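Chains A and B supply the protein sequences, listed in that same order.
When we follow the numbering used here, the leftmost residue of the first sequence carries the number 137, and every step to the right adds one.
When we follow the numbering used here, the leftmost residue of the second sequence carries the number 1345, and every step to the right adds one.
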Amino acid sequence: MSAKNLYSLMLIVTVAWALILAESYFFIVVIRPLGPPIHIGLVPSSVLKVFLTACLGLLWVGVMFALDYLYSRQGKTPT
Amino acid sequence: MLPTGRDDVALVLAFALPFVVVFAFMPRYLSLLRSWGRVAADVHKPGQPKVPTPVGPLLVAAIVVGELAIYLLNQSTIPLVAIEVSVVAGAIGLYDDLKGLGGVVKPVLLLLAAVPLLLEEQVHHSLYTGSLAFPLFGATGTHFIIFAVLILAAMPVSANAFNMLDAFNGEISGFTTLVTVALIAGIVMEGASMTNFDYIRLCAAMPLAATAIGFYYFNRYPAKAFDGDSGSLAFGALYAALAIMGGVEVAALVALLPAVLNSYYILYSMRGLVERKEMESRPTYLGDDGKLHANDKSGAPTTLVRMILLRSPMDEKHVVQAILTLTVFACALSVITSALTWLV
């Protein structure tokens, strides 16, 4: 088993984990306090909360696909 | 709060009974499947030996026995919900094993696995908190509608993530064992931080761990049994339900990262939900050297295994070792996440 292959994948998992921690900070500290609370609030604060949360999800997915692209490109043997 | 003697008995039985059921009944069940002609080719080995499948119904039965023992000792609804979730997901998987379900129909049907959780919460109001506990930064507010939507999404996501990782000998059984141990560690840490912790939440996770460990013996390389979708979907849905009822959703998600990434890469490369048999080309192929190679064709789906094999071919045993090593790493991050959530 090539350890180098696995180290790269471990790095991807670590980045995914670190993003979850960083995004949870952004969610708790920035998005959650946006008032008024979502269940009594009208547009725009509740919509903004949902939009920003969706952006966090998209950011996570985007970074994962970028890492997959870099990993795959690194793995191709030049001919 | 310290566990009572009854809690200790429930904990021991919840682990021991499913383990015994798997070991006691698996050989006879495998003979039965063979006599019915229920076998599948092990395509990653030269000669493609036939392996009995699906053993999912026996695995679900083992989980049911363990959860039932907890219920009989404590009359809690938590083990009943665990039974309902695993039976619903297992039944959907069994239908897929026997008749086949489409790539879109299966996740839609798996929404049904969330129904027991949502209904029981409406009646008893004690199954879950309705908020997510994040590491370091605290918990979200309680939002039952948003949380219900998350529960509905969690079932197909988790069950399909397990299902998509069920491709090689010992992969799903080893993976389920490792992530469930990380889940149990998270629940233990949560319990250590509380004064009124309900030990049944910990007991309820034991049957899944015991069943997966027992199944690993039969599923490891070279496999004597395949679980089929009935096993992997039941494992995945029950894992999600236990994480929700245990209140350790974020740590559970972190342990699941290799499976989640695998699913994302498959979905992205296939441009949607596609059944394994509907794929035009396989992500890997068995070479003349007896090793697995990454498929270079442009239509081949991207999977974690294909990524591992991109640089060098490997035999099946080492591929699974690599996946499980990656899972151990994710589980270590999960345990750190639990510690940051409950102990810091």
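Using N, Cα and C, we set each Cβ at its ideal position, and we do this for glycine too.
The structure presented is a predicted model; accordingly, all values stated were derived computationally and were not measured.
For residue 142 of chain A, a Cβ of chain B is located within less than 8 Å of the residue's own Cβ.
Within the same chain, Cβ atoms closer than 6 Å to the Cβ of residue 1350 of chain B are found at 1417, the five residues on either side in sequence being excluded.
Using beta-carbon distances, residue 166 of chain A does not count as an interface residue toward chain B, since no partner is under 8 Å.
The C-beta of residue 1482 of chain B comes closer than 8 Å to at least one C-beta of chain A. With fewer than 16 other Cβ atoms from the protein chains shown falling within 10 Å of its own Cβ, residue 1469 of chain B counts as exposed. Under the DSSP definition of a beta bridge, residue 1478 of chain B partners with B/1482.
With fewer than 16 other CB atoms across the displayed protein chains lying within 10 angstroms of its CB, residue 1676 of chain B is exposed. Per DSSP, the beta-bridge partners of residue 1395 of chain B are B/1384. Counting C-beta atoms within 10 angstroms of its own C-beta, residue 1413 of chain B has 16 or more neighbours from the protein chains shown and is therefore classed as buried. For residue 1468 of chain B, there is no enclosing beta strand (DSSP E); the residue is part of the alpha helix (DSSP H) that begins and ends at 1459-1468. For the C-beta of residue 1612 of chain B, the chain A residues within less than 7 Å are, from N- to C-terminus, 201. Around the beta carbon of residue 1555 of chain B, 16 or more other beta carbons lie within 10 angstroms, which makes this residue buried. When Cβ-Cβ separations below 8 Å define contact, residue 195 of chain A makes no contact with chain B.
CA-to-CA, the gap between residue 144 of chain A and residue 1406 of chain B works out to about 38 Å. For residue 1599 of chain B, the secondary structure class from DSSP, reduced to helix, strand or coil, is helix.
Measuring C-alpha to C-alpha distances from residue 1500 of chain B to each of B/1454, B/1641, B/1373, B/1410 identifies B/1454 as the nearest. Pairing residue 1381 of chain B with residue 1571 of chain B gives a Cβ-Cβ distance that is not under 8 Å. Taking the CA atoms as reference points, residue 1667 of chain B sits about 10 Å from residue 1673 of chain B. When the beta-carbon positions are compared, residue 1429 of chain B and residue 1461 of chain B come within less than 8 Å of each other. Going by DSSP, residue 1583 of chain B is part of the alpha helix (DSSP H) stretching over 1572-1590.
Chain B has no Cβ within less than 8 Å of the Cβ of residue 170 of chain A. The C-beta distance from residue 1533 of chain B to residue 1683 of chain B rounds to 6 Å, short enough to fall under 8 Å. Distance from residue 1422 of chain B to residue 1408 of chain B at the Cβ level is roughly 14 Å; contact not present, criterion being Cβ atoms closer than 8 Å. Residue 1650 of chain B has its alpha-carbon roughly 6 Å from the corresponding atom of residue 1627 of chain B. DSSP lists no bridge partner for residue 1368 of chain B. Counting along the chain, residue 1560 of chain B sits inside the alpha helix (DSSP H) bounded by residues 1550-1563. When DSSP states are grouped into helix, strand and coil, residue 1646 of chain B belongs to the coil group. Cβ neighbours of residue 1607 of chain B within its own chain (closer than 7 Å, five residues either side excluded): 1504, 1505, 1508. Of all residues in the region 1460-1487 of chain B, those with a C-beta nearer than 9 Å to a C-beta of chain A are 1476, 1478, 1479, 1480, 1481, 1482, 1483, 1484, 1485, 1487, reading in chain order.
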